[in-house]
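One structure is given below, encoded as structure tokens.
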Amino acid sequence: MNKIIRFFILAALVSLYGMVTVSCEDESRKHVLKIYNWADYIGEGVLEDFQEWYKEETGEEIEIIYQLFDINEVMLSKIEKGHEDFDVVCPSEYIIERMLRNDLLLPIDRDFGKTPDYTVNISPFIQGLLNKVDGHGKDANDYTVAYMWGTTGYLYNPKYVTAEEISSWGSLRNPKLKGKLYVKDAFRDVYSSLLTYIYKDELANGTKELDSLMYDSSDESIEKVETFLKSIKDNVSGWEADFGKEQMTKEKAWVNVSWSGDAQWAIDEAADVGVTLDYFVPEEGSNVWFDGWVIPKYAKNVKAARYFINFLCRPDIALRNMDEIGYVSVISTSEILENQIDEESYEPLDASFFFGEGADSVCVSPVQYFGSDVISKCAMMHDSGERTEKLLSMWSRVKGDNANSFTYIILIVAAAALLFFGIRRKQKRHRRKQMF
Ligand code: N2P
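First residue of the sequence shown: 102, per this note's numbering; consecutive thereafter.
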């Protein structure tokens with residue numbers, strides 16, 4: 102056999118082997134759904150119920166591989182690297198913009214299978230936010246199905262600090278909070294919320310407009326936010342991804358810059374152990390965010406991903422998730438509203454922006470639905486494109502600088518101890534050598 106024939110036979114065998122392994126891989130992935138979700142972001146038993154429903158709908162078994170993240174950027178970097186073949190992921194709106202810009206998503210056919218009528222059930226308010234997502238030429242509605250939404254604000258303990266004492270974002274400077282403040286390790290949410298404080302005068306006199314402010318990542322604004330954050334660092338006890346709520350329920354912290362859903366969860370948990378917590382959006386306003394399900398382009402089981410998204414859109418499943426995690430579903434059917442009304446616990450508020458006409462005076466949780474007056478001071482943040490690096494560097498400068506004087510003392514004492522024992526060991530060795 103000459104060399105050329107041998108080469109072709111070898112090439113054919115290699116490609117045959119490739120085809121066989123790929124199709125085996127595809128075959129095995131047909132029965133596996135890989136989900137990448139925020140921690141504490143789905144009700145207990147919902148995944149198991151989905152498996153059952155999937156079997157009823159398709160006649161097929163589905164195994165679930167479920168991984169958690171608690172920082173958007175950590176999740177994004179996994180998706181960007183493409184080493185992970187997640188089928189369905191739940192990023193926040195500005196990350197969805199980034200994913201669309203970088204062509205990382207597959208379109209979602211929203212009429213797939215027995216779809217609950219998501220387009221009808223979704224709140225017009227959330228639809229409005231979705232329409233503001235900058236898809237870089239693509240319609241975000243074709244690539245994401247919104248899941249939960251909320252605001253960024255203060256979860257606080259009124260036993261130690263009153264709402265009046267911390268009414269503004271500027272109150273984070275209050276020396277009373279020293280060592281009692283936790284801030285969510287979410288640079289984009291914190292930065293956007295603080296812009297409403299930094300530019301409060303401009304917003305009030307109309308020289309700046311809230312929606313456009315949410316696109317602002319200029320050097321000037323980054324510098325202003327950085328200066329402010331550095332001015333509060335002595336108060337900050339930690340930058341937390343997901344443990345702030347526990348610090349609050351255990352009364353170890355008094356204020357937590359947090360998301361409204363985490364706040365609702367903490368308020369409920371704390372009440373069970375006799376601790377009262379509350380949440381509000383500071384007077385200047387804040388960001389209003391939503392997270393949505395997307396299918397990354399490396400997904401291997403698009404069919405199961407679509408079924409999963411549809412399952413989560415069912416109002417009964419949305420209710421189960423909400424009840425357990427504290428976050429608020431984007432679904433605004435009458436079933437959801439009725440379930441949320443609690444005349445014994447809440448004062449009436451205007452939730453018509455979310456539920457539509459007839460909901461302008463309903464007794465629902467102000468921590469979850471805020472009221473139209475609060476929402477009118479909030480806007481949705483956006484991806485900063487190439488400028489993201491600048492924001493991230495600012496965030497690490499702020500967090501890196503967070504070591505307080507106590508930390509420095511510990512470090513100096515540790516270094517001195519190491520030096521002392523090092524010198525003593527050397528002296529001993531030296532003495533021993535001299536004796537022999
Ligand atoms: C849940 C986190 C919710 C993310 N632990 C808010 N964007």
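For glycine and all other residues, C-beta sits at the position ideal for the given N, C-alpha and C.
Tell me the DSSP secondary structure of residue i in three-state form.
i    : result
S178 : helix
V389 : strand
I143 : coil
E164 : strand
V463 : strand
L148 : helix
L231 : helix
R526 : helix
S485 : coil
I197 : helix
D243 : helix
K131 : coil
D443 : coil
E352 : coil
D474 : helix
G238 : coil
I172 : coil
G183 : coil
E153 : helix
G345 : helix
E458 : coil
C125 : Unreliable positioning characterises C125 in this predicted model, as indicated by a pLDDT of 47, which lies under 50. A coordinate reading is not provided.
In angstroms, rounded to a whole number, what distance separates the CA positions of residue i and residue j?
i    : j    : result
N222 : T308 : 37 angstroms
T252 : E324 : 24 angstroms
Y509 : L493 : Bear in mind that the predicted position of Y509 carries a pLDDT of just 49, short of 50, making it too unreliable to give a figure here.
I396 : I180 : 10 angstroms
V431 : W250 : 6 angstroms
E385 : K301 : 6 angstroms
C125 : F381 : With a pLDDT of only 47 at C125, under 50, the local geometry of the prediction cannot be trusted, and the value read off the model is given with reservation. One C-alpha to the other measures close to 53 angstroms.
K279 : K233 : 38 angstroms
Y316 : G160 : 47 angstroms
H184 : G459 : 49 angstroms
G501 : P449 : 44 angstroms
E174 : F288 : 10 angstroms
P259 : D363 : 17 angstroms
E128 : Q469 : 43 angstroms
I48  : F391 : Since the displayed the chain opens at 102 and closes at 537, residue 48 lies outside it and no answer follows.
D424 : P416 : 12 angstroms
E490 : K353 : 33 angstroms
R526 : Y137 : 52 angstroms
M482 : D286 : 16 angstroms
G339 : Y195 : 24 angstroms
V284 : F344 : 10 angstroms
L169 : M176 : 9 angstroms
G254 : V429 : 15 angstroms
E266 : K277 : 9 angstroms
V389 : T434 : 20 angstroms
S322 : V337 : 21 angstroms
Looking only at DSSP bridge pairs, what is residue i linked to?
i    : result
I432 : I223
L136 : In the sequence under discussion, the amino acid at residue 136 is Ile, which differs from the Leu named in the question. Paired residue(s): Y167, V189.
M249 : D392, S430
V358 : Y255, V284
L330 : Per DSSP, none; premise fails for L330.
W340 : V284
A452 : Answer is none; A452 lacks a bridge partner.
A480 : N388
L206 : P397
State whether the region 469 to 480 contacts the region 441 to 454, with contact taken as three or more CB pairs (one from each stretch) at a distance under 8 angstroms.
yes
Is there contact here, the region 134 to 154 with the region 404 to 421, by at least three beta-carbon pairs under 8 angstroms?
yes
Within the region 363 to 431, note down every full beta strand (DSSP E) run reaching 3 residues or more, in order along the chain.
379 to 381, 387 to 394
3 or more residues per run - each beta strand (DSSP E) lying fully within the region 256 to 322:
282 to 285
Could you check whether the region 271 to 287 touches the region 231 to 247, counting it as contact only if at least three pairs of C-beta atoms, one from each stretch, sit closer than 8 angstroms?
no
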